[in-house]
Structures are given as C-alpha cells and as structure tokens.
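If you count the sequence shown from 1, position 220 lands on 220 in full-length UniProt numbering, and the numbers rise without skipping. The C-beta atom is built at its ideal place from N, Cα and C for all residues, glycine as well.
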Amino acid sequence: MAKRLIMAFESSADETSVAIVQDGHEIVSLQTATQIKSHQRFGGIVPEVASRHHIEQVTILADAALEEAHLTYTDLTAIAVTQGPGLVGALLIGVTAAKTIAWAHNLPLVPVIHLAGHISAANFVEPIQYPALALMVSGGHTELVLMKAEYEYLVIGDTQDDAAGESYDKVGRTMGLQYPSGRLIDEMAHQGQDVYQLPRPMLTDDNYDFSFSGLKSAVINLLHNAEQRDEVIDHINLASSFQAAVLEVLLTKTRHALQAYPVKSFIVAGGVAANQGLRAGLDELLADFPAVHYIPVPIKLAGDNAAMIGAAGDIAYRHGARAGWDLNANPALEF
Ligand code: KG4
Ligand code: ZN
1 MAKRLIMAFE SSADETSVAI VQDGHEIVSL QTATQIKSHQ RFGGIVPEVA SRHHIEQVTI
61 LADAALEEAH LTYTDLTAIA VTQGPGLVGA LLIGVTAAKT IAWAHNLPLV PVIHLAGHIS
121 AANFVEPIQY PALALMVSGG HTELVLMKAE YEYLVIGDTQ DDAAGESYDK VGRTMGLQYP
181 SGRLIDEMAH QGQDVYQLPR PMLTDDNYDF SFSGLKSAVI NLLHNAEQRD EVIDHINLAS
241 SFQAAVLEVL LTKTRHALQA YPVKSFIVAG GVAANQGLRA GLDELLADFP AVHYIPVPIK
301 LAGDNAAMIG AAGDIAYRHG ARAGWDLNAN PALEF
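Next up, the structure:
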C-alpha cells in the first residue's frame with residue numbers, strides 16, 4: 001500500500017510549525033519557530049506581532065521540512081492546515097500558505113481543528129483505540145472529549161471561563177513570573193506545600209465542566225490583600241496550593257468521566273499535559289482503570305506543533321475531509 005505523506009501547517013498562536021507526517025503516526029520532519037521571546041516582554045501574545053513572525057517563517061519552514069525529509073512537493077499526498085480556533089491573523093498565514101501550496105502542486109487541502117491535532121498526537125505513541133476519552137488542557141482550552149469512533153468528537157466537559165493554562169499564566173503574571181508561567185509554577189509547586197486554602201470551583205457539580213477564573217481571582221486577591229497588610233506570602237507554597245487546587249478539579253472530573261464512559265484509550269494532551277503534577281496524578285488515577293490504555297502525549301509534542309496537525313490531518317483525509325480554495329481561518333472553530 002502506498003504510504004500517505006501529509007505536509008501540515010500550524011500557526012494558531014505563537015509557534016509557526018510545518019511537519020511532514022507519514023501514515024498518521026510517523027514524524028518524517030518537523031520544523032518549528034517559536035516566537036515566545038518576542039511576546040514575553042508584553043506578558044502575553046500580541047496578535048499583530050504573531051502574524052508578522054508567521055509570515056516571515058512559514059515558507060522557510062516548509063522548505064526546511066521538505067529538505068529534512070529529502071522529499072519534494074510531488075511526493076506529498078495532501079496538505080493539512082489548522083483552520084482554527086486561534087488568533088485570526090495568525091491562522092490566516094498558515095491557511096494562505098497551505099492553500100497556495102496545495103493549489104500550485106495540485107494537492108488535496110485538508111482542514112484541521114487545532115484541538116483534534118492535540119489529541120491525535122497520541123497516535124505517535126500508540127494507535128488510539130476507540131471509544132476513547134481525552135483530557136485536552138492548553139492555554140486556550142480545557143475540555144473532556146469523548147470519541148466513540150475515529151473522527152467523532154463529542155465535548156462532554158468544557159471550561160465555563162478561563163482555560164487551565166490561562167489561569168497558570170495569569171497567576172504567574174501576578175506573582176511576577178515570565179510568560180508563559182505554567183512550567184515554572186509546576187517546578188515551584190514541587191518544592192512547596194499546599195498551605196493556602198484555595199477554592200476548587202465546580203468540584204462537586206454533577207457534570208464534567210470546569211471553571212478556573214474564581215481560583216485565579218482567589219490567588220490574585222490573596223496576594224493583593226497580603227501586600228496591603230504588609231504580610232509575606234511564600235510564593236513557593238502558593239504555587240503548590242494553586243497547583244493542588246487545579247489538579248484536584250482536573251483529576252476528579254476525569255475520574256468521573258472514566259467511570260461513566262468505559263473507554264479503551266485515555267489521552268492527556270495540550271500544553272498543560274506537560275505538567276509533572278498532572279502526569280503523576282493521572283498515572284495514579286489510571287492505575288484504577290487497568291483496562292484503559294493510558295496515552296500521555298510526549299512532553300515535546302504536548303505544546304503546539306505541526307506534527308499533531310499532520311496526525312489529525314491524516315485522520316481527516318481518510319474520512320474524506322476536503323477544503324476548497326475558499327477555505328478561511330475560523331478563530332472560533334469548535335468540534
Ligand atoms: O497547547 P499550548 O502549547 O498552546 C495552546 O494551544 O494554548 O499550551 C500552552 C499553555 C500555556 O498556558 C502554558 O503556561 C501551559 O500550556 N503549560 C503548562 C506547563 N507547560 C506549559 N501549564 C502547567 N504546567 C506545565 N508544566
Ligand atoms: Zn494548542
């Protein structure tokens with residue numbers, strides 16, 4: 001059987017990335033340019049700056065991906081691209097590049113939902129078995145996604161306000177940490193203790209939804225009040241307390257979903273899936289579900305990258321998803 005070679009583009013936020021993925025589970029090449037340094041002094045992503053970097057990088061990375069793979073455009077099966085969600089100006093660069101290349105080389109164009117990309121990165125570890133459940137935790141999303149079969153995505157739980165990663169970044173900013181602060185808070189959390197009492201929003205609600213904005217505000221208020229009273233807050237212990245609250249909510253909702261839906265695979269994906277505390281908590285939790293294949297997306301593929309878009313693009317391609325030359329970026333695209 002001829003192998004499928006999909007070139008994929010990702011430009012939804014602050015990483016420009018191009019990959020070539022074979023048969024949906026093998027990374028032939030992956031070229032990523034991160035812009036984090038340009039955004040750090042602003043404490044978050046500046047959309048206009050992001051778009052400019054994407055424009056500068058996208059064709060350079062496409063050439064580099066072909067060179068790394070020792071391939072030419074004529075070897076490719078299809079072009080896949082993140083259509084959304086994300087920053088519209090940033091998405092547009094990837095979509096325009098993908099459309100142009102697909103048109104010029106007469107290749108099918110496959111639209112991909114960014115979140116399906118994060119989840120599909122599990123296929124680089126082992127084939128996802130269906131039905132499957134995924135905990136999707138990133139800077140923009142916190143969702144529990146049920147997949148009864150391949151290419152069937154049902155969101156059973158969602159955040160009502162901030163995403164988990166967003167709350168890490170906002171808490172980090174108040175603590176004076178560099179953006180994005182998830183990894184640093186994670187490291188600090190391991191050195192401290194859960195001594196500050198913080199809320200666990202929606203923990204006991206009878207659903208799989210999340211809310212992190214109240215928790216974030218509780219941390220910010222605690223810091224502001226302490227400052228006014230000249231009290232010293234131990235930031236290491238605060239990081240521990242904050243992380244303990246986030247993890248308790250994520251792990252409890254995940255346990256309930258695993259109890260309600262007998263799945264064959266469980267995936268944790270997205271930038272926050274790199275969290276050491278979350279990974280340790282899930283290791284322990286999944287030990288109670290021995291029939292479930294636990295697939296944590298590898299840390300180097302947990303954040304945004306085009307390989308995951310290639311993996312999701314392969315699934316979409318096999319299921320017949322095709323876009324026309326009128327494909328547009330969709331900043332609010334959902335499953
Ligand atoms: O998936 P991603 O790279 O981009 C989005 O699609 O949002 O996720 C980025 C998010 C940021 O909020 C970052 O702070 C968070 O992932 N993050 C972490 C860790 N590493 C990255 N959050 C908690 N613990 C970590 N170790
Ligand atoms: Zn992402």
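{"Asked": "One question on the structure: do Lys253 and Tyr208 come within less than 8 Å of each other, judged by their Cβ atoms?", "Found": "yes"}
{"Asked": "Taking all protein chains shown into account, do 16 or more other C-beta atoms lie within 10 angstroms of the C-beta of Pro201, making it buried, or fewer, making it exposed?", "Found": "buried"}
{"Asked": "Identify which residue in Val18, Asp234, Ala122 has its Cα closest to the Cα of Leu301.", "Found": "Ala122"}
{"Asked": "Thinking just about the alpha-carbon of each residue, which of Ile55, Leu144, Ala98, Leu222 is nearest to the one in Leu309?", "Found": "The sequence given here places Ile at residue 309; Leu does not occur at that position. Residue Ala98 is the option with its Cα nearest to Ile309."}
{"Asked": "Any chance the CB of Asp304 is under 7 Å from a heavy atom of the ligand ZN?", "Found": "yes"}
{"Asked": "Expressed to the nearest angstrom, what Euclidean distance is found between the alpha-carbon atoms of Pro111 and Thr82?", "Found": "6 Å"}
{"Asked": "Under 7 Å from any heavy atom of the ligand KG4, does the C-beta of Asn275 make it?", "Found": "yes"}
{"Asked": "Suppose contacts are defined by Cβ-Cβ distances below 8 Å. Is Gly94 in contact with His54 by that definition?", "Found": "yes"}
{"Asked": "Determine whether the beta carbon atoms of Ala43 and Gly139 lie at a separation below 8 Å.", "Found": "One point to set straight first is that residue 43 is Gly, not Ala, in the sequence displayed. Not closer than 8 Å, so no."}
{"Asked": "Under 7 Å: does the beta carbon of Asp326 sit that close to some heavy atom of the ligand KG4?", "Found": "no"}
{"Asked": "Tell me which residue opens and which closes the alpha helix (DSSP H) that Gln276 is part of.", "Found": "276–287"}
{"Asked": "Would you list the one or two residues that DSSP bridges to Ser29?", "Found": "Ile20"}
{"Asked": "CA-CA distance, Asp288 and Leu215?", "Found": "28 Å"}
{"Asked": "In angstroms with no decimal places, state the Cα-to-Cα distance between Leu144 and Leu258.", "Found": "10 Å"}
{"Asked": "Excluding the five sequence neighbours on either side, which residues of its own chain have a C-beta within less than 6 Å of the C-beta of Leu30, listed in chain order?", "Found": "Ala19, Ala307"}
{"Asked": "Could you name the residues of the same chain whose beta carbon sits closer than 6 Å to that of Gln22, not counting the 5 residues immediately before and after it, in chain order?", "Found": "Lys3, Leu5, Val28"}
{"Asked": "Within this structure, are the beta carbons of Pro127 and Val263 separated by less than 8 Å?", "Found": "no"}
{"Asked": "Count the other C-beta atoms from every protein chain shown that fall within 10 angstroms of the C-beta of Ala312, then say buried if there are 16 or more, exposed otherwise.", "Found": "buried"}
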